[in-house]
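Asker: Here you go, one structure.
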């Protein structure tokens, strides 16, 4: 896996993944940015959320669960001192569908957290307190 990050100006960068997709990353104006994209640490958090969501959906689809929507809401806390690393991350899944079984959703979330999500497992192994929860919405 490869990526490149090119500085454009101020605190703005264009990051390009090996797959060819690009994203603008920027800082806040008080740090020389123009607020034209997410912050680097926000990208890390969004990446983790997408990684675990990918797993949860794949596991639910393989078990033929009737999922119509899945939203991961992520909240994180960071250390007060530099480096301002993540200390806690909580992921709450809102999984919607008709006739979803709590047991299936719980299993999908647990498997992602404990076995499949490289991003959240890497952060947890690095000392971040990563927790998960879920709500099922009948549609």
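In the UniProt record's numbering, the protein residues as written are 1 to 139.
Glycine included, each C-beta is placed from N, C-alpha and C at the ideal position.
1) I need the DSSP call for residue 80, collapsed to helix, strand or coil.
2) Out of curiosity, what's the CA-to-CA distance linking residue 58 and residue 5?
3) Quick one: measure Cβ to Cβ for residue 112 and residue 52, integer angstroms, because I've assumed they're closer than 8 Å.
4) For residue 51, name the three-state secondary structure that DSSP assigns.
5) Starting from the N-terminal side, write out each stretch of the beta strand (DSSP E) that is 3 residues or longer and does not extend beyond the stretch 68–113.
6) Have a look at residue 63 and residue 75 and give me their C-alpha separation to the nearest angstrom.
7) Have a look at the DSSP bridge pairing and note the partners of residue 132.
8) Is the distance from the Cβ of residue 86 to the Cβ of residue 128 below 8 Å?
9) Reducing DSSP to helix, strand and coil, say where residue 63 ends up.
10) Just reading off the alpha helix (DSSP H) that residue 120 is part of, what are its end residues?
11) Looking only at its own chain, which residues have a Cβ that is under 8 Å from the Cβ of residue 55, when we skip the five neighbours before and after it?
12) Where does residue 30 sit, in a helix, a strand or coil, going by DSSP?
Answerer: According to the structure data:
1) Residue state, collapsed to three classes: coil.
2) 30 Å
3) 5 Å
4) helix
5) 86–97
6) 28 Å
7) Answer by DSSP bridge pairing, in chain order: 91.
8) yes
9) Residue 63 falls in the coil class under three-state DSSP.
10) 118–125
11) 108, 111, 112, 116 and 117
12) DSSP places residue 30 within a helical segment (H, G or I) once states are collapsed to three.
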